[in-house]
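Q:
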Amino acid sequence: MTDTIEEHADPTLHKGDALVEMQDVGKAFGPIVALEGINLTVRAGEVACVLGDNGAGKSTLIKIISGLHPHTSGTLKVDGQDVKFGSPRDSLDHGIATVYQDLAVVGLMEVWRNFFLGSELRKGKYPLAPLDIAGMRRIADEELKKMGISVKDINQPIGTLSGGQRQCVAIARAVYFGARVLILDEPTAALGVKQSGVVLKYTARARDAGLGVVFITHNPHHAFLVGNHFIILKLGRRVLDKTRDEVTLEELTTEMAGGRELAELSHELRT
Amino acid sequence: MSTPVTTKPPDTPDSTKPQRSLASRILTRPEFGAIAAAIVIFIFFFSVAAPFRTLPAFGTVLYASSTIGIVAVGVALLMIGGEFDLSAGVAVVTSALVAALTCFQLSLNVWVGVLVSLIVALGVGFLNGYLVVRTGIPSFLITLATFFSLRGINLAVTKGITGTVASDNISELDGFASAKAIFASDIPLGFMNIKITVVWWLLFTALASWILLRTRTGNWIFAVGGNAASARAVGVPVPKVKIGLFMGVGFLCWFYGMHLLFNSASVQSGLGVGNEFRYIIAAVVGGCLLTGGYGSAIGAAIGAFIFGMTEQGIVYAGFNPDWFFTFLGVMLLLAVGVNLYIRNYASTRR
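Quick note, the sequences are listed as chains G and Z, same order.
Throughout the first sequence, residue numbering follows the numbering used here, covering 1309 to 1579 in sequence.
Throughout the second sequence, residue numbering follows the numbering used here, covering 10 to 359 in sequence.
#1: Using a Cβ cut-off of 7 Å (strictly closer), state whether serine 239 of chain Z contacts chain G.
#2: Secondary structure at alanine 1498 of chain G, three-state DSSP: helix, strand or coil?
#3: Please report how far the alpha carbon of glutamine 1475 of chain G lies from the alpha carbon of serine 1367 of chain G, in whole angstroms.
#4: Relative to the alpha-carbon of threonine 152 of chain Z, which residue among Z:Ile290, Z:Val258 and Z:Leu71 has its alpha-carbon at the smallest distance?
#5: Using a Cβ-Cβ cut-off of 7 Å, state whether valine 129 of chain Z counts as contacting chain G.
#6: Using three-state DSSP, classify aspartate 1390 of chain G as helix, strand or coil.
#7: Jot down the residue ranges of each uninterrupted alpha helix (DSSP H) in the stretch 1401-1468 of chain G, minimum 4 residues, whole runs only, in chain order.
#8: Tell me the rounded alpha-carbon separation between valine 1507 of chain G and histidine 1526 of chain G.
#9: The stretch 302-315 of chain Z: which residues have C-beta closer than 8 Å to a C-beta of chain G, in chain order?
#10: Where does histidine 1322 of chain G fall in DSSP's three states?
#11: Counting only the same chain and skipping the five closest in sequence on each side, list residues whose C-beta sits under 8 Å from that of serine 275 of chain Z.
#12: Measure the alpha-carbon distance for lysine 204 of chain Z versus serine 187 of chain Z and round it to whole angstroms.
#13: Please classify serine 30 of chain Z: is it buried, with 16 or more other beta-carbons within 10 angstroms of its beta-carbon, or exposed?
#14: Cβ of glycine 1566 of chain G less than 7 Å from any chain Z Cβ?
#15: Around the C-beta of glycine 1360 of chain G, are 16 or more other C-beta atoms found within 10 angstroms, so that it is buried, or is it exposed?
#16: With which residues is threonine 214 of chain Z paired in a DSSP beta bridge?
#17: For phenylalanine 316 of chain Z and isoleucine 77 of chain Z, which I take to be in contact (beta-carbon distance under 8 Å), what is that distance rounded to the nearest angstrom?
#18: What does a CB cutoff of less than 7 Å around glycine 322 of chain Z pick up in its chain, not counting 5 residues either side in sequence?
#19: Give the residues of chain G in contact with isoleucine 220 of chain Z, contact being defined as C-beta atoms less than 9 Å apart.
#20: Which of the residues in the stretch 207-233 of chain Z, read from start to end, lie with their CB under 7 Å from any CB of chain G?
#21: Could you check which residue in Z:Ser126, Z:Gly235, Z:Thr155 and Z:Phe264 has the C-alpha nearest to that of valine 208 of chain Z?
#22: Please classify arginine 1351 of chain G as buried or exposed, where buried requires at least 16 neighbouring CB atoms within 10 angstroms.
#23: Kindly indicate the opening and closing residues of the beta strand (DSSP E) around proline 197 of chain Z.
#24: Just confirm the distance between the C-beta atoms of serine 1381 of chain G and valine 1333 of chain G, as a whole number of angstroms; I'd bet it's less than 8 Å.
#25: According to the Cβ coordinates, are alanine 46 of chain Z and alanine 313 of chain Z closer than 7 Å?
#26: What did DSSP end up calling phenylalanine 1523 of chain G once you bin it into helix, strand or coil?
#27: Does DSSP classify aspartate 1516 of chain G as helix, strand or coil?
#28: Have a look at G:Leu1519, G:Gly1426 and G:Pro1438 and flag the residue whose alpha-carbon is nearest the alpha-carbon of alanine 1622 of chain G.
#29: Between alanine 85 of chain Z and glycine 253 of chain Z, how many whole angstroms is the CB-CB distance? I'm expecting something under 8 Å.
#30: Of all the CB atoms in chain Z, is at least one closer than 7 Å to the CB of arginine 1513 of chain G?
#31: Can you list, in chain order, the residues of its chain whose CB lies under 7 Å from that of glycine 296 of chain Z, leaving out five sequence neighbours each side?
#32: Going along chain Z in order, which residues have a C-beta closer than 8 Å to the C-beta of proline 1378 of chain G?
#33: Please state whether DSSP places asparagine 202 of chain Z in a helix, a strand or coil.
#34: Could you give the first and the last residue of the continuous alpha helix (DSSP H) run that contains isoleucine 225 of chain Z?
#35: Got a sec? Which residues, its chain only, sit under 6 Å from proline 248 of chain Z by beta carbon, not counting five neighbours each side?
#36: Please report the distance separating the alpha-carbon of histidine 1575 of chain G from that of histidine 1377 of chain G.
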């Protein structure tokens, strides 16, 4: 079966290459430190999972990589070069695509318009050049079929698709446009069990095609299914950093649930 | 002999892709409500008002529609882009006054005034847009501030320079005839005359519709109105699109302002107040959502046509014209109701 991901993934990616390296990265909003001392390496063909409770700094971390907020300390390297992103376009130009939990798509726009948003095919280079609408419809339709997303009509507003399908369209779009690093922000948070499964399968396929994936979640079960490397954040700091061999699901779950604090709490409640 | 086993790809339901039904697709067009309303209103006035049935009357209706429709098209695009402009009504008069005062006071060719006024109109649009994207203050408030500022400037500067509330008559200046030919002439069609603004109105509507549906810019307009954060994340330059839309409204205000000026050679500085709502109502009746991301340029033109028909129809039918505003209110409420229904229908899962 042909696969969108394998077809469009960058053939120069080698499993294990460091694509994004963060060293001691931090972000302060005025006097408030949202993130501090983060070391994270995203490697080709691997899924780096970033776990954390609400307010742990997960969103700030991805916003730095995806160009929404520049970092204020430490270094961010992409393909070995120091960078500081000023806008999401900068980040996209470096092959980093982000799929956001709730704002992946524009609900009232047609599926094909969403698929090509920001990278439209045009019949010329001049301003107001006509769009290649037939071409975009055809490609979007083909790509979605290959992924097994059955869309009744490529012209229907994307808001009429299910949450899982919308996430998959957004992921497929990122890969189709040559992303080398894929950042998934809580892709399964709002989804049911079956829909989450679809998204996780797709995440694994992106990994196997050689992309570097950053998977942000607060669900250790989902993370453990696809992850190679796990980082847990708490109040803007890293509290756990282990590879798959060094950690068990129990350890992740306990640490996520509060670890020692939880043990203390249960001790207190029992007495 | 062995035959190669060909594996058939699994039959997805897509192979017999059931398109959405024709009725469903027509019903979810943003213009649907406006077209239905326009037909009903046309039939109503056609049956109750005898003078409405004549061709010259139809020419007058078209002219009245065009005076709303030219600016309404720009306002519709802006609303699809998720923003709002309350200063459009007085910006029209500002443009006309700038052109009139500049060329009269300096005794220049009127085309110099026209050009200066274009720059000012685009500048006002740019300022509105820049303040909105830079401060994040809702455009309702920013343009409300612009509305009052311009209203004051229109009166104060005109009175200060001319000593009256109107600009001086510029019909004796060089270039007046050629400017009038472009902005305010009559086009004889043999059986009837139509104002050139009608042609411009249809042209601007066609252009706006093309931009909206067939170009990348149009895609971006829908996206910034529908979900600005999501548009930004995929690389759409949201601030540029929004500023551009405000400047588009500025351009169309300038154009209609030039019509006002060259139609009567002078402008009253107090005009234009209240027209901003007519443009917005035309856009909303034509299917634009107040929250952005949905609407059409053709809808706004139909909204303006409904305006023109009613404004003239009430007079032809011999009704008390005071009822016009009541009609507007009822029309707006109905339009918002229909639009709400259409949006829910278009965005629910099926």
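Even for Gly, the Cβ is constructed at its ideal location relative to N, Cα and C.
A: Concretely, from the data shown:
#1: Taking the first residue of the second sequence as 1, we reach residue 239 of chain Z at position 230. Yes - at least one Cβ of chain G is within 7 Å of the one on serine 239 of chain Z.
#2: Position 190 of the first sequence, counted from the first residue, corresponds to residue 1498 of chain G. If DSSP states are grouped into helix, strand and coil, alanine 1498 of chain G belongs with coil.
#3: As a first step, residue 1475 of chain G must be located in the first sequence, where it is residue number 167. As a first step, residue 1367 of chain G must be located in the first sequence, where it is residue number 59. Approximately 17 Å, taken between the alpha carbons.
#4: Position 143 of the second sequence holds residue 152 of chain Z. Residue Z:Val258 is the option with its Cα nearest to threonine 152 of chain Z.
#5: In the second sequence, counting from the first residue as 1, residue 129 of chain Z sits at position 120. It does not; no Cβ of chain G falls within 7 Å.
#6: Numbered from 1 along the first sequence, position 82 holds the residue referred to as residue 1390 of chain G. Note: aspartate 1390 of chain G maps to strand in three-state DSSP.
#7: You should have 1419-1424 and 1441-1454.
#8: Against the first sequence, residue 1507 of chain G aligns to sequence position 199. Against the first sequence, residue 1526 of chain G aligns to sequence position 218. Roughly 15 Å between the two C-alpha positions.
#9: Those residues of the stretch 302-315 of chain Z that come within reach of chain G (Cβ to Cβ, closer than 8 Å) are Gly302 and Tyr303.
#10: Along the first sequence, read from residue 1 onward, the residue named residue 1322 of chain G stands at position 14. Three-state DSSP puts histidine 1322 of chain G in coil, outside helix and strand.
#11: Taking the second sequence and counting its residues from 1, one reaches residue 275 of chain Z at position 266. Ala109, Ala175, Ser176, Asp177, Asn178 and Ile179, listed in sequence order.
#12: Counted from its first residue, the second sequence places residue 204 of chain Z at position 195. Counted from its first residue, the second sequence places residue 187 of chain Z at position 178. When rounded, the distance between both Cα atoms is 15 Å.
#13: Sequence index remark: in the second sequence, residue 30 of chain Z carries index 21 (1-based). Using a 10 angstroms sphere on the CB of serine 30 of chain Z, the tally of other CB atoms stays under 16, which defines it as exposed.
#14: Within the first sequence, numbered from 1, the residue matching residue 1566 of chain G stands at position 258. Chain Z contact via Cβ: absent.
#15: What you label residue 1360 of chain G is simply residue 52 of the first sequence in a count that begins at 1. Label assigned to glycine 1360 of chain G: buried.
#16: On the second sequence, residue 214 of chain Z is found 205 positions in, with the first residue counted as 1. Paired residue(s): none; threonine 214 of chain Z is not in a bridge.
#17: On the second sequence, residue 316 of chain Z is found 307 positions in, with the first residue counted as 1. On the second sequence, residue 77 of chain Z is found 68 positions in, with the first residue counted as 1. Right, the Cβ-Cβ distance comes to about 5 Å (below 8 Å), so this counts as a contact.
#18: Position 313 of the second sequence holds residue 322 of chain Z. Spatial neighbours of glycine 322 of chain Z in its own chain (CB-CB distance under 7 Å, excluding positions within 5 residues in sequence) are listed in chain order as Phe54, Ala58 and Phe61.
#19: Residue numbering aside, residue 220 of chain Z sits at position 211 when the second sequence is read from its first letter. Within 9 Å Cβ-Cβ: Leu1436.
#20: Ile220, Arg223, Thr224, Arg225, Thr226, Asn228, Phe231 and Ala232
#21: Working through the second sequence from its first residue, we reach residue 208 of chain Z at position 199. Of the candidates Z:Ser126, Z:Gly235, Z:Thr155 and Z:Phe264, the one whose C-alpha sits nearest the C-alpha of valine 208 of chain Z is Z:Phe264.
#22: The residue you call residue 1351 of chain G lines up with position 43 of the first sequence. Of the residues assessed, arginine 1351 of chain G falls on the buried side of the cut-off, its CB having 16 or more other CB atoms within 10 angstroms.
#23: Within the second sequence, the letter at position 188 stands for residue 197 of chain Z. 195-197 is the extent of the beta strand (DSSP E) around proline 197 of chain Z.
#24: As a working mapping, residue 1381 of chain G is identified with position 73 in the first sequence. As a working mapping, residue 1333 of chain G is identified with position 25 in the first sequence. 7 Å between Cβ atoms; contact.
#25: As a working mapping, residue 46 of chain Z is identified with position 37 in the second sequence. As a working mapping, residue 313 of chain Z is identified with position 304 in the second sequence. No.
#26: Position 215 of the first sequence holds residue 1523 of chain G. Residue state, collapsed to three classes: strand.
#27: If you number the first sequence from 1, residue 1516 of chain G lands on position 208. In the structure shown, aspartate 1516 of chain G sits in a helix (DSSP, three-state: H, G or I).
#28: Examination of residue 1622 of chain G is not possible in this model, given that chain G is present from 1309 through 1579 alone.
#29: To locate residue 85 of chain Z, count along the second sequence from 1; it is residue 76. To locate residue 253 of chain Z, count along the second sequence from 1; it is residue 244. About 15 Å separates the beta carbon of alanine 85 of chain Z from that of glycine 253 of chain Z, a gap too long to meet the 8 Å contact definition.
#30: Here the question's residue 1513 of chain G lines up with position 205 in the first sequence. It does not; no Cβ of chain Z falls within 7 Å.
#31: To locate residue 296 of chain Z, count along the second sequence from 1; it is residue 287. So the list reads Pro39, Glu40, Gly42, Ala43, Gly304, Ser305, Gly308 and Asn348, once near-sequence residues are dropped.
#32: Locating residue 1378 of chain G in the first sequence gives position 70, where the first residue counts as 1. Listed by position along chain Z, the residues whose Cβ is nearer than 8 Å to that of proline 1378 of chain G form an empty set, because the closest Cβ is around 15 Å away.
#33: As a first step, residue 202 of chain Z is located in the second sequence; it is residue number 193 there, counting from the start. In the structure shown, asparagine 202 of chain Z sits in a strand (DSSP, three-state: E or B).
#34: For the purposes of this step, residue 225 of chain Z is taken as residue 216 along the second sequence, with counting starting at 1. Reading off the sequence shown, one finds arginine at residue 225 of chain Z, where the question assumed isoleucine. Element bounds for arginine 225 of chain Z: 225-235.
#35: In the second sequence, residue 248 of chain Z corresponds to position 239, counting from 1. Answer for proline 248 of chain Z: Val142, listed in chain order.
#36: The sequence position of residue 1575 of chain G within the first sequence is 267, counting from 1. The sequence position of residue 1377 of chain G within the first sequence is 69, counting from 1. Spanning the two alpha carbons is a distance of roughly 41 Å.
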